[in-house]
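Peer 1:
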Amino acid sequence: MKCLNPHCDYAKTRVINSRKTEEGKKILRRRHCPKCNKRYTSIELLAYFGYPNAKKRAALNVLLATNTH
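The opening residue of the sequence shown carries number 1 in the UniProt record's numbering; numbering runs sequentially from there.
1) Within 10 Å of its beta-carbon, does residue 31 have 16 or more other beta-carbons around it, so buried, or fewer, so exposed?
2) Could you please give the first and the last residue of the uninterrupted beta strand (DSSP E) stretch that includes residue 7?
3) Which residues in the same chain have their Cβ closer than 6 Å to the Cβ of residue 61, if we skip the five residues on either side of it in sequence?
4) With burial defined as no fewer than 16 other Cβ atoms inside 10 Å of the residue's Cβ, what is the status of residue 21: buried or exposed?
5) If you follow the beta strand (DSSP E) that residue 35 is in, where does it begin and where does it stop?
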């Protein structure tokens, strides 16, 4: 996934932590960009289109500008 920092735009962020929410419909992933050293959370929602085999994940990204100094 691409870094959400508008000054960075690095293409390969790393997933640090991944977990499902209580309802099981969202996946929270802590991500880290090795280039700008920022961390943020991405929220992935499961969306079903017609039948269970055709599920897609729509990613909503939330930038939590936390420095890792």
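All C-beta atoms in this analysis are idealised placements derived from N, C-alpha and C, irrespective of residue type, glycine included.
Since this is a predicted model, take the numbers as computed values, not measurements.
Peer 2: If we stick to the structure as given:
1) Looking at its Cβ environment, which holds 16 or more other Cβ atoms inside 10 Å, residue 31 is buried.
2) First-last for residue 7: undefined, no H or E at that position.
3) Note on residue 61: pLDDT 40, under 50, position unreliable in the model; the coordinate value appears next. So the qualifying residues of the chain are 4, 42.
4) Exposed, because fewer than 16 other Cβ atoms sit within 10 Å of the Cβ of residue 21.
5) Here residue 35 belongs to no beta strand (DSSP E), and DSSP marks it neither H nor E.
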